[in-house]
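A.B. asks: Residue numbers (our numbering), protein chains in the order written: chain A, -1 to 667; chain B, 676 to 788. The structure under discussion is supplied below as structure tokens; questions concerning it will follow.
Take a look at the structure:
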């Protein structure tokens, strides 16, 4: 068979493509660098070639039908065309159509075989075509009849294939729906958070502006201060010599100025690290510092006087609330900024350093005032509401209590001084709500549900991949395709399918979040001992409520541990009050009481200090020249005041084995 | 005479089976026989004969086979199957009853007209 060279359509396609390419190139002002010209010309050539190919196939098909059905050769052209139209409209398997075509051709051949002249044949053929019926209807009837003729197995295959196609089509429709869905932000949870933490009182009662002022006044460490650290790190390091050496080298490079600064090291961050280390060392290695070193630190602390005095001033305010803000226009909880927490921590550590130095100089009242301020500062930060605020607040409170205990351990303070301190400390902790609150955290979860699900459609929104990625960091894929590809490459397709198609919907997730945070709030008030007595495993119970909801799994805070943290803080504060009472008792009576009841009876202590790990009073034992005061801690067993030590010899404050010993502290070096 | 299509649709398969019960035939021959034996009363559209035959074939009432004649022409011959014969007997009995019933309704006018 002679095959035509597909030149005309190809040339025409190339010309059209070239013209369009030139127009697009012109429209793109040459920025496309010939991409349009080349791609559209190639597309034109390909389309032209395809057109020619289809034409060629049709010609081959026509030739083939004559060869398949020789009877067609003897029929008039009108009849052949009629038969071919019926067969073409049948739209069924080729071999069946060939069979039907052969039979129809035979029919016409038989009907025309007696015609003697060509004209007679033409005339009769026209009549036959007219009598034969409507082409389209006939083709439909033939197709249906032939379909009924096919064997069962072929019908099964055909129906299965149809079902697959329908399912695939449904899947595509679902996919389009799935991929076009986007979350809709309808509730401003940042505004709700601000409403939650903002008491209905006058702005002048808010400590936040003063703390902000203190942060602004906080002096960055001078070069001299940095150099002091760099030159003395070996003497004052507390076991982290390698880390401090790196820090010292960074400082030398920073101050030398003749070296290119390390691009990975932010100079400001380096300075802050040094301050953190110095204030840390001042607390942990206080007794090992030489007078000269202490004096050097005292100078730096003096520079912070204005900032620290303002913190003291702020801590006396009855309220603190932070105005949460999120950058940009999205107003989502996850983008709110918490830049205040890190400077707050530094202010608390600076207060601690100043208290230690004041005590060193015999100015105990100043030292205690700083630590009471520090404690109240921690209480304020806790009131911020969100979990991270509460954790930082608890840490600041812990710094204050520990420093107070250290000072009364290291210095001889008279009974009157101790009494004032005890009274003030009792007042500070009297009305404090130690339990962690999850109300603000609940808003985080609700906002996450709002952000991570497409808007409800067909009763249930589905997870929105890009935002789930932001929350979990479990994938780096923004697009659906990348997400699937990544899941396949990680052999985690099952998990991906679950995330995409089987994960509980928006409404269900929101309802589960409500139940989860109701539960957290309900158990947050229980002491560790109560939880143990009631055999409550918070994490396990939470997982039951979540029931495999991946989003809530990502968001779920370690509620059990956080609850413990708050009760530990309470126990430490009440232990500090008890220690003060015990020291006062001894000063007044020259001996320690036999038990804590004596202390209460004698009026030195209002109430017995509860141990959250036993729901009984903290354990008190009189020793030869001192006493033991401890909590039974994480194993809920009285180990006789057994201290568990870290590798560097320091005592673990809340060990899982042994006890949490509040007194005696490590002896003076 | 033109029959209502629904009436013809019901009768045509019985007529085809009846003709084929007397011997195998190919499509054109069958259409001619149908016309001639019915006195040109049962004139199916020629095109509709083939879907009808294929339907009968699907129900296994007839079977078809290509055969080559002495002149070298190929024809598809249809013959009635045993299932077809049973069906024909059943249909004929029903038609007979129908005719008797209609005759009674029309007071013998149908058979005497």
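A virtual CB, placed ideally from N, CA and C, is assigned to each residue, including glycine. All of these numbers come straight from a predicted model, not from anything done at the bench.
Ordered along the chain, which non-local residues of its own chain (more than five positions away) have a Cβ less than 7 Å from that of residue 564 (chain A)?
C.D. replies: So the list reads 392, 432, 433 and 434, once near-sequence residues are dropped.
A.B. asks: Looking at chain A, is there any beta carbon in it that lies within less than 9 Å of the beta carbon of residue 728 (chain B)?
C.D. replies: Taking Cβ atoms only, chain A reaches closer than 9 Å to residue 728 (chain B), which makes this a yes.
A.B. asks: Around the C-beta of residue 377 (chain A), are 16 or more other C-beta atoms found within 10 angstroms, so that it is buried, or is it exposed?
C.D. replies: So residue 377 (chain A) counts as buried.
A.B. asks: Comparing the C-beta of residue 109 (chain A) with each C-beta of chain B, is any distance below 9 Å?
C.D. replies: So yes, residue 109 (chain A) belongs to the interface.
A.B. asks: Going along the chain, which residues of its own chain have a beta-carbon closer than 7 Å to the beta-carbon of residue 6 (chain A), five neighbours each way excluded?
C.D. replies: Correct list: empty, nothing qualifies.
A.B. asks: For residue 700 (chain B), name the three-state secondary structure that DSSP assigns.
C.D. replies: Residue 700 (chain B): strand per DSSP, three-state reduction.
A.B. asks: Tell me, please, whether the CB atom of residue 733 (chain B) is closer than 9 Å to any CB atom in chain A?
C.D. replies: Yes, contact with chain A.
A.B. asks: Identify the contact partners of residue 703 (chain B) in chain A, using a Cβ-Cβ distance below 8 Å as the criterion.
C.D. replies: Within 8 Å Cβ-Cβ: 104, 105, 108 and 109.
A.B. asks: Taking the alpha-carbon positions, what's the residue 149 (chain A) to residue 171 (chain A) distance?
C.D. replies: Roughly 33 Å between the two C-alpha positions.
A.B. asks: Would you say residue 748 (chain B) lies against chain A (beta-carbon separation less than 9 Å)?
C.D. replies: At least one chain A Cβ lies under 9 Å of residue 748 (chain B).
A.B. asks: Using 10 angstroms around the beta-carbon of residue 163 (chain A), count the other beta-carbons present and answer buried if the total reaches 16, otherwise exposed.
C.D. replies: Exposed: under 16 other Cβ atoms inside 10 Å.
A.B. asks: Should residue 135 (chain A) and residue 106 (chain A) be called a contact, given that it needs their Cβ atoms to be closer than 9 Å?
C.D. replies: No.
A.B. asks: Mark residue 781 (chain B) as exposed unless 16 or more other C-beta atoms lie within 10 angstroms of its C-beta, in which case mark it buried.
C.D. replies: Label assigned to residue 781 (chain B): exposed.
A.B. asks: Determine which residues share a DSSP beta bridge with residue 617 (chain A) and list them.
C.D. replies: In the DSSP output, where bridge partners are listed per residue, residue 617 (chain A) has A:628.
A.B. asks: In chain order, what residues of the same chain have a beta carbon less than 7 Å from the beta carbon of residue 298 (chain A), not counting five sequence neighbours either side?
C.D. replies: Closer than 7 Å at the Cβ level, and outside the excluded window around residue 298 (chain A), lie 219 and 223.
A.B. asks: Are the Cβ atoms of residue 399 (chain A) and residue 571 (chain A) separated by less than 9 Å?
C.D. replies: Contact flag set, yes.
A.B. asks: Any beta-carbon of chain A closer than 9 Å to the one on residue 698 (chain B)?
C.D. replies: Judged by the 9 Å Cβ criterion, residue 698 (chain B) is not in contact with chain A.
A.B. asks: Quick one: residues in its chain with C-beta nearer than 6 Å to the C-beta of residue 373 (chain A), no 5 flanking neighbours on either side, listed in chain order?
C.D. replies: Closer than 6 Å at the Cβ level, and outside the excluded window around residue 373 (chain A), lie 395, 398 and 426.
A.B. asks: Counting Cβ pairs closer than 8 Å, one from the segment 543 to 555 of chain A and one from the segment 436 to 455 of chain A, do we hit at least three?
C.D. replies: Enough Cβ pairs lie closer than 8 Å, so yes.
A.B. asks: Going by DSSP, what residue range makes up the beta strand (DSSP E) through residue 754 (chain B)?
C.D. replies: First-last of the beta strand (DSSP E) with residue 754 (chain B): 749 to 755.
A.B. asks: Let me see if you follow: with CB-CB separation under 9 Å, is residue 723 (chain B) close to chain A or not?
C.D. replies: Output row for residue 723 (chain B): interface = yes.
A.B. asks: Using only the alpha-carbon positions, how far apart do residue 287 (chain A) and residue 357 (chain A) sit?
C.D. replies: Cα to Cα, residue 287 (chain A) sits roughly 15 Å from residue 357 (chain A).
A.B. asks: Can a CB atom of chain A be found closer than 9 Å to the CB of residue 706 (chain B)?
C.D. replies: Yes, residue 706 (chain B) counts as interfacial toward chain A.
A.B. asks: Whole alpha helix (DSSP H) runs in the segment 344 to 381 of chain A with 4 or more residues, listed along the chain?
C.D. replies: The qualifying runs are 362 to 380.
A.B. asks: Taking only beta-carbon atoms, is residue 751 (chain B) less than 9 Å away from chain A?
C.D. replies: Chain A contact via Cβ: present.
A.B. asks: Work out the CA separation of residue 167 (chain A) and residue 774 (chain B) for me, nearest whole Å.
C.D. replies: Cα to Cα, the separation comes out at about 53 Å.
A.B. asks: Within the same chain, show all residues whose beta-carbon is closer than 6 Å to that of residue 247 (chain A), passing over the 5 residues directly before and after it, in chain order.
C.D. replies: Result list for residue 247 (chain A): empty, nothing under 6 Å.
A.B. asks: Assign residue 661 (chain A) to one of three DSSP states: helix, strand, or coil.
C.D. replies: Reduced to three states, the DSSP call for residue 661 (chain A) is strand.
A.B. asks: Does residue 419 (chain A) pass the burial test, meaning 16 or more other C-beta atoms within 10 Å, or should it be called exposed?
C.D. replies: Classification of residue 419 (chain A): buried, given that the 10 Å Cβ count is 16 or more.
A.B. asks: Find the residues of chain B that neighbour residue 100 (chain A), judging by a C-beta separation of less than 9 Å, and give them in chain order.
C.D. replies: The contacting residues are 741, 749 and 751.
A.B. asks: Based on the DSSP output, what are the partners of residue 643 (chain A) in its beta bridges?
C.D. replies: Beta-bridge pairing links residue 643 (chain A) to A:649.
A.B. asks: Show which residues of chain B have a CB atom less than 7 Å away from the CB atom of residue 143 (chain A).
C.D. replies: Simply 726, 729, 730 and 733.
A.B. asks: Could you give the distance in angstroms between the alpha-carbon of residue 730 (chain B) and the alpha-carbon of residue 97 (chain A)?
C.D. replies: Approximately 15 Å, taken between the alpha carbons.
A.B. asks: Report yes if the C-beta distance between residue 661 (chain A) and residue 527 (chain A) is below 9 Å; otherwise report no.
C.D. replies: Cβ distance not < 9 Å, so residue 661 (chain A) and residue 527 (chain A) don't count as in contact.
A.B. asks: Tell me the residue span of the alpha helix (DSSP H) that contains residue 304 (chain A).
C.D. replies: 303 to 313 is the span of the alpha helix (DSSP H), which, as asked, contains residue 304 (chain A).
A.B. asks: Should residue 575 (chain A) and residue 603 (chain A) be called a contact, given that it needs their Cβ atoms to be closer than 9 Å?
C.D. replies: Yes, Cβ-Cβ distance for residue 575 (chain A) and residue 603 (chain A) is below 9 Å.
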